[in-house]
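Enquirer: Submitted below is the structure of interest, expressed as structure tokens.
Number of protein chains: 2
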Amino acid sequence: MLGRMARLEIKPEEHAALVDGRPLSLTVRELQLLVTLSAHPQRIMTREELFAEVWGGRPRSDDRSVDVYVSRLRAKLGEALPGSRLIHTHNGIGYRFSPEG
Amino acid sequence: MLGRMARLEIKPEEHAALVDGRPLSLTVRELQLLVTLSAHPQRIMTREELFAEVWGGRPRSDDRSVDVYVSRLRAKLGEALPGSRLIHTHNGIGYRFSPEG
DNA sequence: CCACCTGTGAAAATCCTGTGAACGCAGGGA
DNA sequence: TCCCTGCGTTCACAGGATTTTCACAGGTGG
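In order, the protein sequences belong to chains A and B. Our numbering applies: residue 1 is where the first sequence begins, and numbers increase by one. Our numbering applies: residue 1 is where the second sequence begins, and numbers increase by one.
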């Protein structure tokens, strides 16, 4: 069986995320979130951790920013990589990035 | 000779249980139960003990929550580790976690 | 003015939880 | 062996909790 090239590359230092070499058009927040999630593959990250990394500080108890940006990120990733599921929800805890899909 | 890598790892502080490095998608309750059982390997734990640790307080005399969650846990563990039998029933007493299967 | 990004509120969709009930299995006694 | 009985297992469901998505208002920079 052939190893396939990784389709998604994330290059924080270039402010870019590429799918098959083509840049996704992500906003700053979306990219920060993707960079943060993908820096810890297969690790379940809480909203608090993600918020701290991307926004800084602690989220209000009822803050839904992380969820909303995860949703926006998924929409763009799903458009570029149909059928993929890179970001997994862990109910009551947070989100997990899985490079395998 | 080399021992094999443990296939199941339980990391309460990361809200995760991993099989071959991949997180199981357990609910909060399921994970709490697995953590509690696995914290006392080979020891038979009564429903009362398990209930106290996971739910807190004492179960109603006819409470079936522990059984139901053991069943759900087994289903997910069995899916990730086919053929394994990590949680053993001790009739009239409770359950026992055996890392060896 | 326009195009876009951002965070918030709220509705819609989805998932989790505990419970009751049906089913099955194992053990004891005749 | 067969039946009975107690216990464990699993299904289905309703209510509640959580997540997802949409719409919008304010802000920014061209």
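Glycine included, C-beta positions come from ideal geometry on N, C-alpha and C.
So for leucine 50 of chain A, helix, strand or coil by DSSP?
Expert: helix
Enquirer: Taking beta-carbon pairs under 8 Å, can you tell me which members of the segment 27-43 of chain A lie near chain B?
Expert: Gln42 and Arg43
Enquirer: Is the distance from the Cβ of arginine 72 of chain A to the Cβ of glutamate 30 of chain A below 7 Å?
Expert: yes
Enquirer: Restricting to Cα atoms, I'd like to know which of A:Leu37, A:Gln42 and A:Gly83 is closest to glutamate 49 of chain A.
Expert: Looking at the Cα atoms, A:Leu37 is the closest of the given residues.
Enquirer: Considering only the beta carbon of each residue, do arginine 47 of chain A and glycine 94 of chain A sit closer than 7 Å?
Expert: yes
Enquirer: Kindly list, in the order they appear in chain A, the residues whose Cβ is closer than 9 Å to that of proline 23 of chain B.
Expert: For proline 23 of chain B, the residues of chain A that pass the 9 Å Cβ criterion are Gln42, Arg43, Ile44, His88, His90, Arg96 and Ser98, in the order they occur in the chain.
Enquirer: Out of A:Val28, A:Pro12 and A:Arg7, state which residue places its alpha-carbon closest to the alpha-carbon of aspartate 20 of chain A.
Expert: A:Arg7
Enquirer: I'd like to know if isoleucine 93 of chain A contacts chain B, where contact means its C-beta is closer than 7 Å to some C-beta of that chain.
Expert: yes
Enquirer: DSSP state of proline 12 of chain A, grouped into three classes?
Expert: DSSP places proline 12 of chain A in helix when its eight states are reduced to three.
Enquirer: Since threonine 89 of chain A is in the beta strand (DSSP E), which residue starts that stretch and which ends it?
Expert: 87-90
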